[in-house]
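Engineer: Protein chains in written order, with the UniProt record's numbering: chain A, 1 to 493; chain B, 1 to 493.
We treat Cβ as the ideally placed atom computed from N, Cα and C, and that holds for glycine.
2 protein chains.
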Amino acid sequence: MAHGVKKAAAIGGGVIGGGWVARFLLNGIDVAVYDPHPEAKRIMSEILANAERAYAKMLLPPLGEMGTLTFHDTIADAVKDADYIQESVPERLDIKHKVFAEIEATAKKGALIGSSTSGYKPSELQDGAKHPERIFVAHPFNPVYLLPLVELVRTEKNDPKALDRAAAFLTEVGMKPLHVRKEIDAHIADRFLEAVWREGLWLIKDGIATTEEIDDAIRFGFGLRWAQMGLFETYRVAGGEAGMRHFIAQFGPCLSWPWTKLMDVPELTDELVEMIATQSDEQSGKYTIRELERIRDDNLVGILQALKANDWGAGQSLKEMENRFYAKAHAGSAKTEIEDGKPLQLYSTQVRGDWVDYNGHMTEFRYLQVLADGTDAFLIFIGMDETYRKRGLSIYTVETHIRHVRECKAGEKLTLYTRLLGKDEKRLRILHEVLNEAGDVVCTGEHMLLHVNTEEARACPMESPVTDRVETIARAHGGIGTPEFAGRPIRTI
Amino acid sequence: MAHGVKKAAAIGGGVIGGGWVARFLLNGIDVAVYDPHPEAKRIMSEILANAERAYAKMLLPPLGEMGTLTFHDTIADAVKDADYIQESVPERLDIKHKVFAEIEATAKKGALIGSSTSGYKPSELQDGAKHPERIFVAHPFNPVYLLPLVELVRTEKNDPKALDRAAAFLTEVGMKPLHVRKEIDAHIADRFLEAVWREGLWLIKDGIATTEEIDDAIRFGFGLRWAQMGLFETYRVAGGEAGMRHFIAQFGPCLSWPWTKLMDVPELTDELVEMIATQSDEQSGKYTIRELERIRDDNLVGILQALKANDWGAGQSLKEMENRFYAKAHAGSAKTEIEDGKPLQLYSTQVRGDWVDYNGHMTEFRYLQVLADGTDAFLIFIGMDETYRKRGLSIYTVETHIRHVRECKAGEKLTLYTRLLGKDEKRLRILHEVLNEAGDVVCTGEHMLLHVNTEEARACPMESPVTDRVETIARAHGGIGTPEFAGRPIRTI
Chain A
1 MAHGVKKAAA
11 IGGGVIGGGW
21 VARFLLNGID
31 VAVYDPHPEA
41 KRIMSEILAN
51 AERAYAKMLL
61 PPLGEMGTLT
71 FHDTIADAVK
81 DADYIQESVP
91 ERLDIKHKVF
101 AEIEATAKKG
111 ALIGSSTSGY
121 KPSELQDGAK
131 HPERIFVAHP
141 FNPVYLLPLV
151 ELVRTEKNDP
161 KALDRAAAFL
171 TEVGMKPLHV
181 RKEIDAHIAD
191 RFLEAVWREG
201 LWLIKDGIAT
211 TEEIDDAIRF
221 GFGLRWAQMG
231 LFETYRVAGG
241 EAGMRHFIAQ
251 FGPCLSWPWT
261 KLMDVPELTD
271 ELVEMIATQS
281 DEQSGKYTIR
291 ELERIRDDNL
301 VGILQALKAN
311 DWGAGQSLKE
321 MENRFYAKAH
331 AGSAKTEIED
341 GKPLQLYSTQ
351 VRGDWVDYNG
361 HMTEFRYLQV
371 LADGTDAFLI
381 FIGMDETYRK
391 RGLSIYTVET
401 HIRHVRECKA
411 GEKLTLYTRL
421 LGKDEKRLRI
431 LHEVLNEAGD
441 VVCTGEHMLL
451 HVNTEEARAC
461 PMESPVTDRV
471 ETIARAHGGI
481 GTPEFAGRPI
491 RTI
Chain B
1 MAHGVKKAAA
11 IGGGVIGGGW
21 VARFLLNGID
31 VAVYDPHPEA
41 KRIMSEILAN
51 AERAYAKMLL
61 PPLGEMGTLT
71 FHDTIADAVK
81 DADYIQESVP
91 ERLDIKHKVF
101 AEIEATAKKG
111 ALIGSSTSGY
121 KPSELQDGAK
131 HPERIFVAHP
141 FNPVYLLPLV
151 ELVRTEKNDP
161 KALDRAAAFL
171 TEVGMKPLHV
181 RKEIDAHIAD
191 RFLEAVWREG
201 LWLIKDGIAT
211 TEEIDDAIRF
221 GFGLRWAQMG
231 LFETYRVAGG
241 EAGMRHFIAQ
251 FGPCLSWPWT
261 KLMDVPELTD
271 ELVEMIATQS
281 DEQSGKYTIR
291 ELERIRDDNL
301 VGILQALKAN
311 DWGAGQSLKE
321 MENRFYAKAH
331 AGSAKTEIED
341 GKPLQLYSTQ
351 VRGDWVDYNG
361 HMTEFRYLQV
371 LADGTDAFLI
381 FIGMDETYRK
391 RGLSIYTVET
401 HIRHVRECKA
411 GEKLTLYTRL
421 LGKDEKRLRI
431 LHEVLNEAGD
441 VVCTGEHMLL
451 HVNTEEARAC
461 PMESPVTDRV
471 ETIARAHGGI
481 GTPEFAGRPI
491 RTI
């Protein structure tokens with residue numbers, strides 16, 4: 001559905017607010033920020049740096065244009081022309097009410113107002129608002145720019161259409177909106193986190209486990225399951241053919257057993273706090289928080305990509321996000337002019353952290369990945385898109401000649417310059433030159449592409465509109481000439 | 001440390017017992033199984049099929065030789081020559097005591113006896129045993145062949161050395177042993193699962209969320225965090241620069257708030273069971289359990305690989321496992337004879353599920369991955385190992401010519417035949433021919449390798465022992481001749 005959100009505002013730019021801002025900006029949405037913190041700009045720039053780094057690794061398509069970030073001295077000024085407003089101020093109801101009053105003073109009538117609160121019910125937030133129907137809970141999870149989940153909670157005062165618009169907008173910035181049926185303290189996810197947190201406090205207090213042992217018990221075990229299936233689907237599988245009823249029958253009795261202490265919660269004495277903090281220092285003290293954030297982000301990026309490859313769970317949110325970025329990129333490249341005597345510049349990318357070997361250099365086969373992605377961009381440019389493919393026509397690479405000229409490191413930006421070396425009715429011979437930011441050649445790829453009828457699995461002549469595009473490019477590139485290294489074999493020794 | 005385990009026995013071959021057997025066998029350990037279930041062999045073969053499939057996708061090195069599986073009619077017969085015995089019978093103390101008695105009747109004196117119990121304390125298991133010092137808890141997580149975590153719990157009766165041997169053995173089959181300091185009902189991980197389970201029951205009973213909504217709240221949010229960092233490290237990061245003390249101070253008050261219902265547990269009425277089972281059918285009913293298992297395994301494989309790429313958490317367990325498989329494979333290839341007039345067969349692999357594109361065919365750049373892995377195997381074969389590299393000498397691929405001859409699908413086995421086409425003092429020109437199981441050529445790769453001094457970053461002559469190995473191969477391959485497609489360029493059009 002059309003959500004009509006063109007501009008967003010963020011009230012509060014800390015870990016959560018800043019994460020929202022990063023997600024909006026990286027998805028091309030302009031954001032107006034209000035945060036009275038004296039170091040608001042520094043904190044925001046640090047969060048944004050981490051988020052840009054993560055997106056460059058997470059998204060295979062080019063990142064495209066970011067939204068514009070502006071800082072404002074008053075809430076009234078920040079929200080006045082925003083279509084979506086996200087509140088992420090400290091968890092105190094009096095502060096939140098004060099903020100909502102200032103927002104309502106200048107916010108557009110149809111503005112959507114989401115709160116990042118992890119504990120308060122929307123009815124508590126709406127209390128005393130002029131237009132309670134605009135205010136709802138949009139509870140995200142840290143890091144907001146990577147984790148898709150956002151819990152949407154409303155009351156009977158809310159306009160359901162407004163919530164649908166909010167969901168449509170949040171989906172478009174790569175999130176997974178979860179509509180919570182009834183308002184309840186801490187919504188859904190945080191209730192589990194609170195239960196686990198309380199049990200964890202008991203285990204530490206009773207000297208059963210340290211923070212590190214508890215973390216290992218999670219990340220080497222059920223945490224891996226929960227990154228892709230939840231509690232019930234996991235148990236459904238464990239239950240086997242007999243299914244859930246059997247599983248519950250089997251484990252039902254445990255409910256009366258002392259398998260958790262959560263009939264009561266421990267008192268947070270100074271000793272307990274000290275014990276946890278010290279254990280945490282021993283566990284993670286060797287890293288700064290920024291380092292831990294980057295480690296966490298790299299792991300989440302890899303996990304999301306792994307799930308994407310299986311078209312499952314949070315990987316589907318990433319897939320849809322990538323498709324939007326690809327669409328933008330192709331719209332861009334379609335606009336590229338074909339200039340006489342100049343190679344085409346259709347694709348650029350960034351060496352991802354998981355592309356490098358133990359030496360920190362891009363792994364050999366990733367060179368072909370970059371070249372093949374460049375070939376895909378070229379094929380879309382000449383009109384070989386979904387519509388053309390649906391006609392049962394496609395092009396396969398039948399031969400490749402790579403010259404590995406220099407190493408490159410994670411984070412390096414690579415730009416491809418592509419020229420058409422030759423063609424006949426069924427074949428295209430193209431050359432990619434891959435340059436780094438310094439303008440040095442990283443590698444070159446010469447490729448022979450064969451046009452095929454995919455149903456009959458045989459070579460066949462190209463058809464319009466591809467033929468016309470190829471004709472135009474052939475004329476424009478005719479004058480460039482062929483470099484000495486092209487069209488020759490690997491030297492014999 | 002030396003664990004001295006050559007043979008294992010498994011008492012009980014269900015979902016958990018079968019998972020243990022699969023992990024042992026795939027890591028080259030012989031296993032003797034006792035399971036009175038009439039369909040024990042069928043169930044085992046199904047679990048083993050899933051496990052083999054997952055390992056082929058998870059491990060880049062060749063799988064190597066599997067252990068031998070034998071079925072036995074009595075416990076006494078199954079355990080008599082086992083060094084490690086794993087009990088995975090139903091969770092009833094009387095049954096477990098009966099089983100331990102039968103095990104002790106014929107088990108070797110020094111045998112290690114682990115129990116998969118998720119609830120009982122080791123002291124309860126040891127009760128009435130002849131040699132309680134051999135019996136301990138080794139609690140794994142489903143799927144046992146993929147999840148590294150195993151909780152080791154002992155009593156003061158146990159011999160700590162025995163537990164260390166068990167830990168060393170379990171580490172060698174790719175697991176992450178977690179020594180639990182004090183015995184406690186449900187150990188550590190299951191206490192969290194129980195707390196989350198109880199909270200989940202409340203949310204469903206109160207109509208706040210369905211099984212599917214709860215699963216989404218987990219897998220699109222904190223589940224992704226927990227696959228790589230646990231509870232405390234995640235919160236340490238969320239706490240920011242101020243660290244754990246600050247975080248606890250901030251969230252401490254919640255302990256007194258109704259953020260979880262876990263002061264009390266719901267009654268498992270027939271209505272509640274029916275509600276959960278029905279919701280679960282709606283959520284996952286479109287898949288059979290076997291399908292869900294494979295989806296789960298593919299996701300876990302991808303997640304573990306992603307964590308491996310970042311050398312973090314459970315990915316480190318996988319990395320060490322791969323290194324053991326590589327070592328085996330290289331030991332094998334080192335034994336390969338160099339035969340006159342015959343290409344070398346040093347590397348074979350299997351097309352992994354995440355290597356295929358939306359058409360189900362191996363993605364273009366994965367062809368170079370297979371060829372590059374074959375080149376690595378060749379380099380180790382000619383003596384270019386860690387020791388040689390430590391001398392500051394290495395070889396880089398400077399040029400590659402690939403002929404993409406045919407498509408291949410996920411699961412296809414590929415075998416590489418490698419020959420030396422030419423050499424001089426600094427360079428090697430090699431050719432890989434990649435064949436599928438039917439013997440058809442899938443692709444060929446011609447590669448020019450340049451020998452370099454890595455410190456001075458310049459080409460330099462090869463040294464002994466590499467030079468001698470290369471000489472021998474050159475003599476043996478001299479007679480094979482060069483195929484017409486080698487040493488020629490991509491045809492000009």
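Could you check which residue in A:Tyr417, A:Glu124, A:Thr234, A:Arg475 has the C-alpha nearest to that of Leu93 (chain A)?
Structural biologist: When only C-alpha atoms are compared, the closest one is A:Glu124.
Engineer: Can you find the residues in the same chain that come closer than 6 angstroms, C-beta to C-beta, to Thr454 (chain A), ignoring five residues on each side of it along the sequence?
Structural biologist: Cβ within range, chain order: Gly392, Ser394.
Engineer: Taking only runs that begin and end inside the stretch 393-468 of chain B, name each unbroken beta strand (DSSP E) of 3 or more residues, in chain order.
Structural biologist: Segments of the beta strand (DSSP E) lying fully in the stretch 393-468 of chain B: 393-404, 413-423, 427-435, 441-453.
Engineer: Under DSSP, the beta strand (DSSP E) around Gly114 (chain A) begins and ends at which residues?
Structural biologist: Unbroken beta strand (DSSP E) run through Gly114 (chain A): 112-115.
Engineer: Is Val144 (chain A) closer than 8 angstroms to Gly19 (chain A) when the C-beta atoms are compared?
Structural biologist: In this structure, Val144 (chain A) lies closer than 8 angstroms to Gly19 (chain A) by Cβ.
Engineer: To the nearest angstrom, how far is it from the Cα of Leu318 (chain B) to the Cα of Lys80 (chain B)?
Structural biologist: C-alpha separation (whole angstroms): 32 angstroms.
Engineer: For Leu371 (chain A), which residues of its own chain have a beta-carbon under 6 angstroms away from its beta-carbon, when the five flanking residues on both sides are left out?
Structural biologist: For Leu371 (chain A), where only same-chain residues beyond five positions count, the Cβ hits under 6 angstroms are His432, Gly445.
Engineer: Could you name the residues of chain B that Thr397 (chain A) contacts, counting a contact when the two beta carbons are closer than 8 angstroms?
Structural biologist: Going along chain B in sequence order, the residues near Thr397 (chain A) (Cβ under 8 angstroms) are Glu364, His404.
Engineer: Less than 8 angstroms between the CB atoms is what I'm expecting for Lys409 (chain B) and Gly360 (chain B), so what's the real figure, rounded?
Structural biologist: Their Cβ separation, rounded to whole angstroms, is 6 angstroms, which keeps Lys409 (chain B) and Gly360 (chain B) in contact under 8 angstroms.
Engineer: What residues match up with Leu178 (chain A) in a beta bridge as DSSP calls it?
Structural biologist: Answer is A:Glu151.
Engineer: Between the stretch 475-491 of chain A and the stretch 25-42 of chain B, do at least 3 Cβ pairs fall closer than 8 angstroms?
Structural biologist: Result no; under three Cβ-Cβ pairs closer than 8 angstroms.
Engineer: Tell me the residue span of the alpha helix (DSSP H) that contains Pro122 (chain A).
Structural biologist: Segment 122-126, the alpha helix (DSSP H) holding Pro122 (chain A).
Engineer: Indicate whether at least one CB of chain B lies closer than 8 angstroms to the CB of Lys423 (chain A).
Structural biologist: Yes, Lys423 (chain A) counts as interfacial toward chain B.
Engineer: Between the stretch 95-115 of chain A and chain B, which residues of the former have CB atoms less than 8 angstroms from a CB of the latter, in chain order?
Structural biologist: Those would be none; no residue qualifies.
Engineer: Quick one: Cα of Ile113 (chain A) to Cα of Leu224 (chain B), how far?
Structural biologist: Each residue's alpha carbon lies about 27 angstroms from the other.
Engineer: What distance in whole Å lies between the Cβ atoms of Gly230 (chain B) and Ile480 (chain A), which are believed to be in contact at a cut-off of 8 angstroms?
Structural biologist: Their Cβ separation, rounded to whole angstroms, is 57 angstroms, which puts Ile480 (chain A) and Gly230 (chain B) out of contact at 8 angstroms.
Engineer: Closest by CA to Pro461 (chain B), which one among B:Val470, B:His451, B:Asp468, B:Arg469?
Structural biologist: Of the listed residues, the one whose Cα sits closest to Pro461 (chain B) is B:His451.
Engineer: Look at the alpha carbon of Gly341 (chain B) and the alpha carbon of Val398 (chain A), and state the distance between them as a whole number of angstroms.
Structural biologist: So the two alpha carbons sit approximately 29 angstroms from each other.
Engineer: Give the DSSP-derived three-state secondary structure of Leu307 (chain A) in the structure shown.
Structural biologist: Reduced to three states, the DSSP call for Leu307 (chain A) is helix.
Engineer: Do His187 (chain B) and Glu133 (chain B) come within 8 angstroms of each other at the CB atom, strictly closer than that value?
Structural biologist: It is not a contact, given that the beta carbons lie outside the stated cut-off.
Engineer: If you follow the alpha helix (DSSP H) that His3 (chain A) is part of, which residue opens it and which one closes it?
Structural biologist: Careful: His3 (chain A) lies outside any alpha helix (DSSP H) and carries neither H nor E.
Engineer: Taking Cβ positions only, does Leu300 (chain A) come closer than 8 angstroms to chain B?
Structural biologist: Output row for Leu300 (chain A): interface = yes.
Engineer: Based on Cα-Cα distance, which residue from B:Gly200, B:Leu300, B:Lys182, B:Glu91 lies nearest to Asn50 (chain B)?
Structural biologist: The option with the nearest alpha carbon to Asn50 (chain B) is B:Leu300.
Engineer: What do you get for Ile214 (chain A), buried or exposed, if any count of 16 or more other CB atoms within 10 angstroms of its CB means buried?
Structural biologist: Buried is the call here.
Engineer: Identify whether Glu172 (chain B) lies in helix, strand or coil by the three-state DSSP scheme.
Structural biologist: In the structure shown, Glu172 (chain B) sits in a helix (DSSP, three-state: H, G or I).
Engineer: If you measure from the beta carbon of Ile303 (chain A) to each beta carbon in chain B, is any gap under 8 angstroms?
Structural biologist: So, interface residue.
Engineer: Leu449 (chain B) and Glu364 (chain A) - do their beta-carbons sit closer together than 8 angstroms?
Structural biologist: No, they are not a contact pair.
Engineer: One question on the structure: do Glu183 (chain B) and Pro122 (chain B) come within less than 8 angstroms of each other, judged by their Cβ atoms?
Structural biologist: Their beta carbons are under 8 angstroms apart, which means Glu183 (chain B) touches Pro122 (chain B) by this criterion.
Engineer: Out of B:Glu463, B:Gly411, B:Asp440, B:Trp312, which one is the CA nearest neighbour of Tyr388 (chain B)?
Structural biologist: Of the candidates B:Glu463, B:Gly411, B:Asp440, B:Trp312, the one whose C-alpha sits nearest the C-alpha of Tyr388 (chain B) is B:Glu463.
Engineer: Spatial neighbours of Asn158 (chain A) within its chain, please: C-beta separation below 6 angstroms, excluding the five flanking residues on both sides.
Structural biologist: Once the five neighbours on either side are set aside, the close Cβ partners of Asn158 (chain A) are Glu133, Phe136.
Engineer: Pro62 (chain A) and Ser348 (chain A) look like a contact to me (Cβ under 8 angstroms); what is the Cβ gap, rounded to whole Å?
Structural biologist: The pair is a contact, with the Cβ atoms about 6 angstroms apart (cut-off 8 angstroms).
Engineer: Less than 8 angstroms between the beta carbons of Thr336 (chain A) and Phe378 (chain A), yes or no?
Structural biologist: For Thr336 (chain A) and Phe378 (chain A), no; Cβs fall outside 8 angstroms.
Engineer: Quick one: residues in its chain with C-beta nearer than 6 angstroms to the C-beta of Arg181 (chain B), no 5 flanking neighbours on either side, listed in chain order?
Structural biologist: Excluding positions up to five away in sequence, the list is empty.
Engineer: If we define contact as Cβ-Cβ less than 8 angstroms, is His477 (chain A) a contact residue for chain B?
Structural biologist: For His477 (chain A), the answer is no, since every Cβ of chain B falls outside 8 angstroms of its Cβ.
Engineer: Is the CB-CB distance between Ala105 (chain A) and Ala76 (chain A) below 8 angstroms?
Structural biologist: Closer than 8 angstroms, so yes.
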